[in-house]
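Peer 1:
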Amino acid sequence: MADKPTGIWVCAILFAVGGVLGILGGIAILLMGGAMFGMGGADTEVAGMFAGMMGIFAVISLIIGVAELAVAYGIWKMKKWARIAGIILAVIALIGIPIGTIIGIVILYFLLIDKNTKDLFTE
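The following block contains the structure:
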């Protein structure tokens with residue numbers, strides 16, 4: 413732990429946990445959408461439309477989850493691209509009131525303000 417500053421640890425862990433939860437959430441949404449479509453007695457058109465919307469949300473959640481895992485790896489390796497992608501994902505996280513906002517602020521602090529962390533990122 414002594415070889416990496418606290419900011420690298422915090423950002424990498426937050427992105428890794430967020431990535432895993434995003435992927436698990438996306439899978440859960442896909443399964444729920446399929447279950448809604450297969451419900452007996454439900455209006456097939458409405459259930460199909462609802463399942464389609466859930467499918468879109470599931471794909472978005474899966475994409476963001478995979479991106480967060482990639483950023484966690486890049487931040488751990490202190491890559492410049494990961495810092496930029498991490499800033500973008502942290503700004504997106506700000507809309508997730510209240511937990512996402514807190515996590516986004518913490519990540520933005522380390523990637524933008526904390527000198528011990530932000531100056532480490534290279535190619």
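The C-terminal position of the sequence shown is numbered 535 in this note's numbering, with every residue numbered one higher than the one before it.
Ideal Cβ placement from N, Cα and C applies to all residues, glycine included.
For Lys491, write down the residues that DSSP places opposite it in a beta bridge.
Peer 2: Lys491 pairs with Thr534.
Peer 1: Leaving out five residues on either side along the sequence, give the residues of the same chain with a beta carbon under 6 Å from the beta carbon of Leu532.
Peer 2: Answer for Leu532: Met490, listed in chain order.
Peer 1: Verify whether the separation of the beta carbon atoms of Leu426 and Val518 is less than 9 Å.
Peer 2: Result yes, Cβ atoms of Leu426 and Val518 sit closer than 9 Å.
Peer 1: For the alpha helix (DSSP H) that contains Leu520, what are its first and last residues?
Peer 2: Taken as a continuous stretch (DSSP letters only), the alpha helix (DSSP H) holding Leu520 covers Ile511 to Leu520.
Peer 1: Tell whether a beta-carbon distance below 9 Å holds between Leu433 and Gly477.
Peer 2: For Leu433 and Gly477, yes; Cβs fall inside 9 Å.
Peer 1: Could you give the DSSP three-state label for Ile472: helix, strand or coil?
Peer 2: Helix.
Peer 1: Determine the DSSP secondary structure at Lys527, reduced to helix, strand or coil.
Peer 2: Note: Lys527 maps to helix in three-state DSSP.
Peer 1: Cβ atoms of Gly431 and Leu481: under 9 Å apart, would you say?
Peer 2: Result yes, Cβ atoms of Leu481 and Gly431 sit closer than 9 Å.
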